[in-house]
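In this note's numbering, the protein residues as written are 0 to 655.
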């Protein structure tokens with residue numbers, strides 16, 4: 000809710016404003032104030048509105064006083080002026096009319112004269128102009144009637160000159176309120192856009208400089224300003240070539256495509272520079288320059304490598320840390336323990352956040368390789384060239400920037416243990432070919448070397464994609480797929496094991512409370528019900544994030560459904576409509592608090608009835624169809640799948 004403050008000069012206008020506002024459709028979303036003051040009093044008034052609406056000279060004065068676009072001029076419409084002219088002719092028998100008002104009010108009024116109205120002459124006046132001067136000029140031009148706003152008409156009457164005030168009608172007030180609404184929300188959007196841009200520019204770990212079509216600097220963030228070593232007020236508005244000549248060579252305005260990865264020296268600091276021109280109709284319109292210290296890039300690369308090694312050499316989880324008592328969880332754990340006993344490659348398949356690495360580490364810790372290293376790498380986290388060197392290692396001098404002593408690759412580090420290749424689907428086809436050779440030959444070759452090294456490793460790969468489809472679309476090698484997909488472990492999403500949500504939530508909330516050293520929270524029944532009803536697109540990882548959020552934002556000891564709903568936010572809107580993966584015999588319907596009433600049956604079907612149900616899938620689908628009166632769209636929504644999946648199951652079970 001925002002505040003509109005009306006500045007009105009006379010009493011009658013107050014009631015017009017109140018009536019117009021009472022009829023406005025947005026009245027419950029706007030707070031409004033009416034301040035009846037003259038232009039001289041406005042200067043001394045304590046104005047508190049977000050948007051101001053005023054007439055004529057007052058609006059002009061406020062616009063000059065507040066240059067943030069928060070003033071709306073209450074229009075003097077043509078109908079308002081015609082009414083004033085008609086009244087003046089009737090009351091005073093005027094022959095020549097002078098209209099003295101602001102430019103917006105008098106625009107086009109010269110054309111009002113007709114056989115029914117006398118000649119009209121307009122005079123534009125501003126907030127700092129002398130009223131008497133304009134009145135005298137109009138009289139000297141032969142005017143016998145003065146028409147204007149409250150200040151003009153009042154002054155003319157004080158001098159015993161015939162005058163009529165232009166009265167504002169409700170339609171003009173309504174128009175001004177509409178404009179104030181639009182202006183306020185436009186200002187909000189603009190401020191949000193500017194703040195978002197400022198946050199982006201100021202919080203990236205690289206220098207950003209933008210220039211206009213004349214190559215003058217318009218933006219320079221703090222990182223860039225510190226690197227340049229010049230005060231910001233001496234940078235903004237200056238030509239790029241005057242501040243950083245190296246960035247304008249070759250001429251920035253001649254670029255038609257980005258110049259990426261150049262190296263220059265700024266005040267003795269070696270930096271990597273990217274220059275991106277903005278070209279419109281083959282004309283240079285603007286440009287963006289980003290740069291970063293080479294030393295910082297090298298530190299990031301070193302940290303990535305150290306983190307990969309530190310994280311990957313040991314498994315920190317085992318099956319005792321897999322929380323959940325649902326049938327789906329127990330079945331997955333038992334299957335995983337069986338897989339751990341053998342040496343075959345394993346493919347973990349599951350949505351993002353289901354805990355694939357937790358299962359990979361747990362398998363390793365109970366396998367015959369438990370005393371060997373556990374090395375994990377995310378295939379999507381590194382570019383292809385860096386991923387290849389990380390996996391296979393390199394010899395000194397193998398490529399520019401390579402350490403002269405060389406580097407051991409992940410396959411070598413995993414010798415005698417397990418290597419976990421997360422997001423395997425993101426690996427390039429070229430690297431897939433090299434990985435296939437490792438699987439087949441159990442040997443690797445470092446980059447820049449001609450000697451093969453034998454490796455004894457077990458591969459556990461993971462993906463959240465449909466690799467069969469990737470194979471069909473030639474994004475993944477078929478021969479590699481069959482080498483990896485020897486033992487497959489499907490990690491069920493959280494929505495298919497809703498019995499685990501409560502114990503998981505308790506566990507994560509307790510961990511967060513201990514870490515934050517906050518009050519020990521408990522979740523009430525309504526809060527747990529809401530958690531269980533949620534779709535959980537992000538699975539266990541999302542649930543953990545929500546519990547951490549609850550630990551921080553909820554001050555009371557008891558977490559309620561309202562607290563849960565607040566932390567879930569817009570994600571609650573997606574609790575329905577998820578596609579049900581896997582075989583129909585494992586269908587679980589999402590739990591909701593309301594029932595579905597069929598027009599053909601008096602029984603109310605509650606999806607909570609099916610949680611943990613032992614009914615065969617055919618009977619569940621048949622019952623849902625009956626409950627929804629045969630409507631497939633509603634049935635699919637109830638069962639948490641799309642219409643195509645529902646129809647496939649209906650065909651399978653002879654329900655069509």
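We put the beta carbon where it would ideally sit given N, CA and C, even for glycine.
1) Leaving out five residues before and five after residue 173 in sequence, what residues of the same chain have Cβ atoms less than 6 Å from its Cβ?
2) Per DSSP, what are the beta-bridge partners of residue 424 in this structure?
3) Enumerate in chain order the residues of its own chain whose CB-to-CB distance from residue 338 is below 7 Å, with the five nearest sequence positions on each side excluded.
4) Please tell me whether residue 470 and residue 521 are closer than 8 Å, where the distance is taken between their beta carbons.
5) Would you mind stating whether residue 377 and residue 421 have Cβ atoms separated by less than 8 Å?
6) Using the rule of at least 16 other Cβ atoms within 10 Å of the residue's Cβ for burial, across every protein chain shown, is residue 64 buried or exposed?
7) Just the C-alpha distance for residue 406 and residue 395, rounded to the nearest angstrom, thanks.
8) Cβ of residue 126 within 8 Å of Cβ of residue 144?
9) Please tell me whether residue 168 and residue 78 are closer than 8 Å, where the distance is taken between their beta carbons.
10) Among the candidates 494, 523 and 374, whose CA atom is the shortest distance from the CA of residue 323?
11) Considering only their Cβ atoms, is the gap separating residue 210 from residue 286 smaller than 8 Å?
12) Residue 17 lies in the alpha helix (DSSP H); which residues open and close that run?
13) Alpha carbon to alpha carbon, what distance is there between residue 642 and residue 483?
14) Just to confirm, are residue 244 and residue 214 a CB contact at a threshold of 8 Å?
15) Just checking, does the segment 312-327 make contact with the segment 509-526 on the three C-beta pairs under 8 Å criterion?
16) Going by C-alpha to C-alpha distance, which of 313, 381 and 389 sits closest to residue 359?
17) Only counting the same chain, and skipping five residues up and downstream in sequence, which positions put a Cβ closer than 8 Å to that of residue 47?
18) Short check: CB of residue 538 to CB of residue 353, under 8 Å?
19) Nearest by alpha-carbon distance to residue 72: which of 45, 103, 93 and 91 is it?
20) Quick one, which of 187, 348, 87 and 163 has its alpha-carbon nearest residue 49's?
21) In this structure, does DSSP put residue 475 in helix, strand or coil?
22) Using CA coordinates, which residue listed in 276, 259, 281 and 246 is at the minimum distance from residue 266?
23) Once you ignore the five residues that flank residue 27 on each side, which residues in its own chain have a CB closer than 6 Å to its CB?
24) Opposite residue 444 in the DSSP bridges: which residues?
25) Could you tell me how far apart the beta carbons of residue 463 and residue 349 are, in whole angstroms, since I believe they sit closer than 8 Å?
26) Is the beta carbon of residue 637 less than 8 Å from the beta carbon of residue 627?
27) State the CB to CB distance for the pair residue 219 and residue 231, rounded to an integer number of angstroms; the pair is presumed to be in contact (CB under 8 Å).
28) Taking residue 423 and residue 460 to be in contact with their CB atoms under 8 Å, please state how far apart those CB atoms are, rounded to whole angstroms.
29) With 16 as the cutoff for other CB atoms within 10 Å, does residue 108 come out buried or exposed?
30) Once DSSP output is grouped into helix, strand and coil, what is the label at residue 122?
31) Specify the secondary structure class of residue 77 as computed by DSSP and reduced to three states.
32) Excluding sequence positions up to five away, which residues of its chain have a Cβ less than 6 Å from the Cβ of residue 261?
33) Do you know how far the Cα of residue 226 is from the Cα of residue 269?
34) State the CB to CB distance for the pair residue 526 and residue 476, rounded to an integer number of angstroms; the pair is presumed to be in contact (CB under 8 Å).
35) Would you call the CB atoms of residue 392 and residue 445 closer than 8 Å?
36) Skipping 5 residues on each side, what residues in its chain have a beta carbon closer than 7 Å to that of residue 649?
Quick look at the numbers:
1) 19
2) Its beta-bridge partners do not exist; DSSP assigns none.
3) 345, 362, 486 and 488
4) no
5) yes
6) exposed
7) 8 Å
8) no
9) yes
10) 494
11) yes
12) 10-21
13) 32 Å
14) no
15) no
16) 313
17) 2, 4 and 32
18) yes
19) 103
20) 187
21) coil
22) 246
23) none
24) 451
25) 6 Å
26) yes
27) 6 Å
28) 4 Å
29) buried
30) strand
31) helix
32) 272
33) 11 Å
34) With 8 Å as the limit, residue 526 and residue 476 do not qualify as a contact, their Cβ atoms being about 47 Å apart.
35) yes
36) 620 and 655
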